[in-house]
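In the numbering used here, the protein residues as written are 8 to 270.
Glycine included, every Cβ here is placed at the ideal spot set by N, Cα and C.
Below: one structure, written as structure tokens.
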Amino acid sequence: MTEFDKVIPPGGEGKVKASFDTAHYKGQTSKGIQVITNDAAKSPIVLQLKAEIIPAIDVQPGESVSIQGMAGALRPTEVTLSSTGGRSFDVLEVKTDPVLGVAVRPAADHAPRRKPGPGPVASGADRYIVTITPKDTVPVGRSIATVNLTTNHPEAENVPVQVVFAVSGNVHVQPETLVLEPRGTDSHVKISTTKGNTLRILGVESSDKDFVPTVRAVVKGREYDVVVKYVGQPNRGVVRSSLTVKTNEPHQRSIVVPVVGAL
């Protein structure tokens, strides 16, 4: 946000006052401010606003962590909450998405300075270890979950941690997005698996009645060809729909394939 003197008399001086919200930043941060005047002989002036932002509670390795792996076999991860001023604080409450389990404990080298009270999730320390455990319900693909920790620190009452998932499944889809050919020929989606139990396709549904899917077994139990036939009118135009493939794979009961293109 900036405030400035809009009119400066000859021989006078003007002031520019600038500020920015540091709530979502930490470490070395800078912002540029461009000052443009009606003096054609002067180029725009660029001012730099620099700051070393030290959060009241630092989160390491960061406020966003990644978890990658196979569905049903994701490993826990940990983040550390540290009071940068050495002040002890309590973790009063933890709220998280249903796909996560969260446990909070004082760091071994930062034991509580007083006996933990009965109310808070964890208390009496200036550093905590937060263990984030994915549940088997994390969906295949890319998704985001959030952990919100409430503390009694006056300068950091809410500490959010974002968890970014990249989860692989036993069932592979090619292509992941079906792009239709302008000439209106049949389109194909390959559904396959190379490990796990025998794969069965329980059904395929189209969100658009002009597209009729059928399933053909290439290698029964391992590979299937979903053939998508267009039965609508010619020159329909832009298409945005989807196919939903139902399988017997526990972590991929419903696989959604976007369908896009122009006919």
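Burial state of F172 is buried, judged by a 10 Å Cβ sphere holding 16 or more other Cβ atoms.
At the C-beta level, S199 and H179 come within 9 Å of one another.
Within the same chain, P51 come within 7 Å of I43 by CB-CB distance, once the 5 residues on both sides are set aside. The Cβ atoms of P167 and N155 lie closer than 9 Å to each other. Per DSSP, reduced to three states, the secondary structure at D46 is coil, with no helix or strand assignment. In the structure shown, D97 adopts extended strand secondary structure according to DSSP, grouped into three states. The Cβ atoms of V263 and T251 lie closer than 9 Å to each other. Taking a contact to require three or more Cβ pairs closer than 8 Å, the segment 213-224 and the segment 133-142 do not qualify as touching. Distance from the CA atom of F96 to the CA atom of N177, rounded to whole angstroms, is 44 Å. Two segments are said to touch when three or more pairs of C-beta atoms, one from each, lie closer than 8 Å; by this definition the segment 201-218 does not touch the segment 105-119. Under DSSP, Q55 takes part in a beta bridge, and its partners are G39.
Selection G131, S249 and T36 evaluated against V186 yields S249 as nearest (Cα-Cα). Contact between G93 and D133 holds: their C-beta atoms lie close to 6 Å from each other, under 8 Å. DSSP places L209 in the uninterrupted beta strand (DSSP E) bounded by I208 to S213. Counting other Cβ atoms within 10 Å of its Cβ, A129 reaches 16 or more and is therefore classed as buried.
Contact between L99 and T158 holds, with the beta-carbon distance rounding to 6 Å and staying under 8 Å. A direct Cα-to-Cα measurement between N45 and K24 gives close to 19 Å.
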